[in-house]
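Trainee:
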Amino acid sequence: MNQTIQTTGWNFLKTANALTSVTLETLLDWQRRFGELYTINMGPLPGFQAVADLEMVDTILVKERARFKKAAMYDGLALMTGRGLVTNEGAHWKKQRRLANPAFRREYLDDVFALMMEEVDASMDAIAAREGEVVHWEAEATALAMNVVVKVLIGSTLEGDTERFSAAAQLGLAHAMRLWKDPFFKYTQHLSGAKRRFDAENAFLGELIDRFIRERKATGNAGKRDILSMFMTAVDEDTGEPMPDQQLRDEIITMFLGGHETSAHTLAWGMLRLRDHPEVMAKVRAEVEAVTEGAPLSREHLRALNYTTMVVNEMLRIDAAVWTIARTNLEPVRFPNGLEFPANTQFMIPIYAIQRNPKYWPRPDAFEPERFADGLPKGALKHSFMPFGAGERICIGRNFAMMQLVAIVASLLRRFDVEVLSSSASYEAAITLAPTSHIDIRVRCL
């Protein structure tokens, strides 16, 4: 290597603790102190190369992507999702991506828009019924995002299982992330009972998905336009074979988990940002009224909500729900800057820190939706904004997520004057950036 790479420190127990209970302030502090490439020291255990250098990020995620695989960070997640799109690799992943792609094309999103709005409108009605009361917005956003995903995936609802599903998903994802962040947890999880609780919740999730699939096989897909029906009728273009049952299960549970977490947490953190910017809420409301002229929100309206889309993009930038992604190289790699790393090096790409880097974002800690007035800001470099990842493994559901986020923000602010009662919230950096305390609001119907 042609340069010295700084390390987070030689007290690996202190570093391991910092990583286990990682705070966003830690990531920003490490970036300020050590720059865009540094080693997270883990003592006798394999450390991590934190990479915020965008040219190196491009090498990992795009130009040399075939030489990298998902890092150990995702091993715990695979205990829940099996070989779904998030955790799968190689030729099998490419085959599954081809089978899944039609379900996320823009024309299909037009078809499921009505399904999504049924749940959005139902949630807004429920909030209206609680006018003047304190509403735990983070819980409401999670339930709404989950109900939307369930409706679009299976054309139905979770009925009485919503809260249990949410709790099981949150516990499972936190457990999966801790297996990566905490080098001792794979041993202590048995002593603490964490493994037993994880297994129980994971079994509940799996049984729920199996039930949905069994019911659909019994009733058939005639007249269905949900994602489950598309997956069940999809055939491989090369072999003509349908999606195997186990793969169907893995993909559905992957999309259940991944399809609501990012959206729910973006909405939760976004509400805290709006607290300090009533002028932004007013501009969104004015735009929605001007575009819809009082009519129910449509897909065409959504495409015209330029300012609301800017607000959502700024929410995704300033509080990156997917705060990091990780890769491991399959063979020795040499980057364009001359740095070389042996095979099986773990690379952590801290998206949260990249999207708060003043090198790429003027006033990075300020909530300024206008910075997205022309799409990605002029001068912003490739990969300086990647809330859904990058490269061929970019999130397959990104267009659906944007559609959902814009629709929910628009629907909420057109119907209510929102008073945000909380000024901050605690969080856990699991697979996504999850609130662990309430974000309270009170609404007045307009």
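Start counting the sequence shown at 1; every next residue gets the next number (the numbering used here).
The beta-carbon is built from N, C-alpha and C at its ideal position, and this holds for glycine as well.
1. What residue does the alpha helix (DSSP H) around residue 278 start on, and which one ends it?
2. What does the alpha-carbon distance come out to for the pair residue 429 and residue 439?
3. Quick one: using the 10 Å Cβ neighbour count with 16 as the cut-off for buried, is residue 63 buried or exposed?
4. In its own chain, which residues sit with a C-beta less than 8 Å from the C-beta of residue 268, not counting the 5 before and 5 after it?
5. Measure the C-alpha to C-alpha separation of residue 1 and residue 53 and round it to an integer number of angstroms.
6. Less than 8 Å separating the beta-carbons of residue 448 and residue 126?
7. Let me check one thing: in DSSP terms, what residues is residue 329 bridge-paired to?
8. At what residue ranges does the segment 22-62 contain a whole run of the alpha helix (DSSP H), taking only runs of 4 or more?
9. Which same chain residues, not among the five before or five after residue 406, have their C-beta less than 7 Å away from its C-beta?
10. Do the segment 288-295 and the segment 157-168 meet, that is, are 3 or more Cβ pairs less than 8 Å apart?
11. Using a Cβ-Cβ cut-off of 7 Å (strictly less than) and excluding sequence neighbours within five positions of residue 446, which residues of its own chain qualify?
12. So, residue 59 versus residue 74, is the Cβ gap smaller than 8 Å?
13. Who does residue 389 pair with in a DSSP beta bridge?
14. Tell me which residue opens and which closes the beta strand (DSSP E) that residue 305 is part of.
15. Within a Cβ cutoff of 6 Å, which residues of the same chain sit near residue 3, ignoring the five residues on either side of it in sequence?
16. Count the other C-beta atoms from every protein chain shown that fall within 10 angstroms of the C-beta of residue 316, then say buried if there are 16 or more, exposed otherwise.
17. Does the segment 148-161 come close enough to the segment 223-242 that 3 or more CB-CB pairs lie under 8 Å?
18. Once you ignore the five residues that flank residue 459 on each side, which residues in its own chain have a CB closer than 8 Å to its CB?
19. Assuming residue 113 is part of the alpha helix (DSSP H), what are its boundary residues?
20. If you pair each beta-carbon of the segment 225-241 with each one of the segment 94-108, do three or more pairs fall below 8 Å?
21. With 16 other CB atoms within 10 Å as the buried threshold, where does residue 10 fall?
22. Tell me which residues share the same chain as residue 249 and place their Cβ nearer than 6 Å to its Cβ, disregarding the 5 neighbours each side in the sequence.
23. Under 8 Å, do residue 271 and residue 408 count as touching if we go by C-beta distance?
24. Among all the DSSP beta bridges, which residues are the ones paired with residue 136?
25. Is there contact between the segment 328-335 and the segment 344-360, where contact requires at least three CB pairs shorter than 8 Å?
26. Tell me whether residue 222 sits in a helix, a strand or coil according to DSSP, three-state version.
27. Straight-line CA distance for residue 388 to residue 173?
28. What would DSSP say about residue 427, mapped onto helix, strand or coil?
29. Got a sec? Which residues, its chain only, sit under 7 Å from residue 419 by beta carbon, not counting five neighbours each side?
30. Taking Cβ to Cβ, would you say residue 80 is nearer than 8 Å to residue 257?
31. Which one of 403, 412, 396 has the shortest CA to CA distance from residue 97?
32. With distances taken from CA atoms, which of 246, 236, 431 is nearest residue 207?
Mentor: In brief:
1. Along the sequence shown, one-based indexing puts residue 278 at 278. Element bounds for residue 278: 278-292.
2. Here residue 429 refers to the residue found at position 429 of the sequence shown. Here residue 439 refers to the residue found at position 439 of the sequence shown. About 17 Å.
3. Mapped onto the sequence shown, residue 63 falls at position 63. Per the 10 Å Cβ criterion, exposed.
4. Against the sequence shown, residue 268 aligns to sequence position 268. Around residue 268: 137, 138, 141, 142, 425, 435, 439.
5. The residue labelled residue 1 in the question sits at position 1 within the sequence shown. The residue labelled residue 53 in the question sits at position 53 within the sequence shown. The predicted position of residue 1 is uncertain, since its pLDDT is 41 and thus under 50; a value taken from the coordinates is nonetheless stated next. Distance between the alpha carbons of residue 1 and residue 53: 16 Å.
6. With the chain running from 1 to 446 in the structure shown, residue 448 is simply not present.
7. Reading the sequence shown from its first residue, position 329 is the one you call residue 329. Per DSSP, 68.
8. 24-34, 54-58
9. Residue 406 sits at position 406 when you count from the first residue of the sequence shown. The answer, listed in chain order, is 302, 305, 308, 309, 312.
10. no
11. Working through the sequence shown from its first residue, we reach residue 446 at position 446. Only 415, 416, 417 meet the Cβ criterion.
12. By 1-based counting over the sequence shown, the position of residue 59 is 59. By 1-based counting over the sequence shown, the position of residue 74 is 74. The answer is no: Cβ separation not under 8 Å.
13. Taking the first residue of the sequence shown as 1, we reach residue 389 at position 389. Beta-bridge pairing links residue 389 to 387.
14. Working through the sequence shown from its first residue, we reach residue 305 at position 305. Segment: none, residue 305 is in no beta strand (DSSP E) and carries neither H nor E.
15. By 1-based counting over the sequence shown, the position of residue 3 is 3. Low per-residue confidence applies at residue 3: pLDDT is 49, beneath 50, and the placement is therefore not dependable, though the value from the model is reported in the following sentence. There are no such residues.
16. By one-based count along the sequence shown, residue 316 stands at place 316. Its Cβ being crowded by 16 or more others within 10 Å, residue 316 is buried.
17. Counting Cβ pairs under 8 Å, three or more are found: they touch.
18. Residue 459 is absent from the model: the chain starts at 1 and stops at 446.
19. Within the sequence shown, the letter at position 113 stands for residue 113. Taken as a continuous stretch (DSSP letters only), the alpha helix (DSSP H) holding residue 113 covers 106-128.
20. Verdict: yes, contact present.
21. Translated into positions along the sequence shown, residue 10 becomes position 10. Note on residue 10: pLDDT 48, under 50, position unreliable in the model; no value is reported.
22. Sequence index remark: in the sequence shown, residue 249 carries index 249 (1-based). The answer, listed in chain order, is 209.
23. If you number the sequence shown from 1, residue 271 lands on position 271. If you number the sequence shown from 1, residue 408 lands on position 408. In this structure, residue 408 does not lie closer than 8 Å to residue 271 by Cβ.
24. Position 136 of the sequence shown holds residue 136. In the DSSP assignment, residue 136 forms a beta bridge with 440.
25. Using a C-beta cut-off of 8 Å, the segment 328-335 makes contact with the segment 344-360, since at least three inter-stretch Cβ pairs fall below that distance.
26. For the purposes of this step, residue 222 is taken as residue 222 along the sequence shown, with counting starting at 1. The answer is coil: DSSP assigns residue 222 none of H, G, I, E or B.
27. Position 388 of the sequence shown, counted from the first residue, corresponds to residue 388. Position 173 of the sequence shown, counted from the first residue, corresponds to residue 173. Rounded to whole angstroms, residue 388 to residue 173 spans 18 Å at the Cα level.
28. The count along the sequence shown starts at 1 and reaches residue 427 at position 427. Residue 427: strand per DSSP, three-state reduction.
29. In the sequence shown, counting from the first residue as 1, residue 419 sits at position 419. Same-chain partners within the cutoff: 441, 442.
30. If you number the sequence shown from 1, residue 80 lands on position 80. If you number the sequence shown from 1, residue 257 lands on position 257. The answer is yes: Cβ separation under 8 Å.
31. As a first step, residue 97 must be located in the sequence shown, where it is residue number 97. Here the closest residue by C-alpha is 396.
32. As a first step, residue 207 is located in the sequence shown; it is residue number 207 there, counting from the start. Cα-wise, what sits closest to residue 207 is 246.
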